[in-house]
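Using my numbering, you'd call the opening residue of the sequence shown number 1146 and step up by one each time. As structure tokens, the structure follows; a few thoughts come after it.
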Amino acid sequence: MFAEEIGVDLGTANAVIYVKGKGILLKEPSAVAMDRRKDAVIAVGEPAQRMLGRSPEHIEVIHPLREGVIADFDTTEKMLRYFLEKIKVQRLLSKPGVLICHPADITEIEKKALLEAAEKAGGKKIELAEEPKVAALGAGMDIFQPDGNMIVDIGGGTTGVAVLSMGEIVSARLIRGAGDKFSTDLTTYINKRYALQAGEHTIEKVKKNIAINADAGESDNIQVEGLDIITGLPRVITVTSGELTEALEESLGMITRTIKAVLEDTPPELTTDVKERGIVLTGGGALMKGLGVRFREELNMPVFVSEDPLHSAAKGAGMMLEGNFRRNRRT
């Protein structure tokens, strides 16, 4: 039986795997639960993520990638091996070919770690693909014409900002910290302002309910559950999207400044294209309500959220595997 080819978007928060000819077959949190008493993996992906904050002390939930790159090599290899086994590619006679996405501005050492982890997990003929390219493809952008296209990929560990033309990255910058930084901002704000310790699951729910822009309903009330720092007892508070948006101002401002910096590094002709065609947002962070409106007002240019931002990179990797590079730009 011939080896399959798979595309892997191995993100800080989530892993998505595309199998050639079959589509996306796996979407799981990038999480591993370890029993430290036995030094053994007891859960991977969604089951491990559910244990976060709910397990006994000897069970540790690990997120082996940080800021878009491998922070714990052995755990990453175990996680990726599990994912490959789950989609049954290792039942083939030959090892699968693997196309793995990575942020555009990582080091050669970080790239080598990705290649080695994929190989040890059971892959063969490992290739790397820059995430701005595959995310843009997956978002339906035609990056092969001599036109300027800008993509802002807001992931869990990084935000990648890039302008592409004729299939290549013309200018790009990487912010180390994205969705995770949003979580830290919100956790710190709630902790200091309300003396409440909120868990990671709660903060993720809060991020999904924030309305960043007034037009998206910034006065919406959001309930946050947690432990009172003083009494140690459970408590529920009510916050508004408006005040939580203020807690995110520094991180949101960093993205805006990075977009402007990338445009400044871009040839004028391509910058004109971007201002006319607009910016496309992808990644899980793009799902925050009102984010596109916010950037549109700050940058004074069209800003769109891709149709399926969480899976754009994996879909783009799949398009590369299928040889389907040209697709009509999303409208």
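Here a beta-carbon is modelled for each residue, glycine too, at the ideal position from N, C-alpha and C. Because the structure is a prediction, the values reported are computed rather than measured.
In the three-state reduction of the DSSP assignment, Thr1403 falls in the helix class, which pools H, G and I.
One alpha carbon belongs to Gly1190, the other to Pro1413, and they sit about 44 Å apart. In this chain, the beta strand (DSSP E) harbouring Lys1172 covers Gly1168 to Pro1174. Thr1427 places its beta carbon less than 8 Å from that of Ala1284. For Leu1171, the closest C-alpha among the options Lys1434, Lys1460, Val1425 and Arg1321 is that of Lys1460. Cα atoms of Leu1259 and Thr1303: separation of roughly 16 Å, rounded to the nearest angstrom.
Taking C-alpha positions only, Lys1337 is separated from Ala1392 by approximately 11 Å.
Listed as beta-bridge partners of Met1464 by DSSP are no residues whatsoever. Secondary structure at Gln1368: strand, using DSSP grouped into helix, strand and coil. According to the DSSP secondary-structure assignment, Gly1198 is paired through a beta bridge with no residue. Taken in chain order, the complete alpha helix (DSSP H) segments of 4 residues or longer contained in the region 1300-1386 are 1324-1339 and 1345-1354.
Per DSSP, reduced to three states, the secondary structure at Asp1418 is helical.
With respect to the 8 Å criterion, Ile1357 and Gly1435 are classified as neighbours on the basis of their beta carbons.
Taking a contact as a CB-CB distance under 8 Å, the pair Ala1178 and Val1206 counts as one, their CB atoms being some 5 Å apart. For Leu1426, the beta-bridge partners assigned by DSSP are Val1297 and Val1450. Nearest Cα to Thr1390 within the set Leu1372, Ile1375 and Asn1366: Asn1366.
Put simply, of Asp1154, Leu1408, Gln1194 and Ile1232 the residue whose alpha carbon is nearest the alpha carbon of Leu1244 is Asp1154.
Around the Cβ of Leu1455, a 10 Å sphere holds 16 or more other Cβ atoms; the residue is buried. Annotated as proximal: Leu1341 and Val1369, with beta-carbon spacing under 8 Å. According to DSSP, residue pairing for Arg1226 in a beta bridge does not occur.
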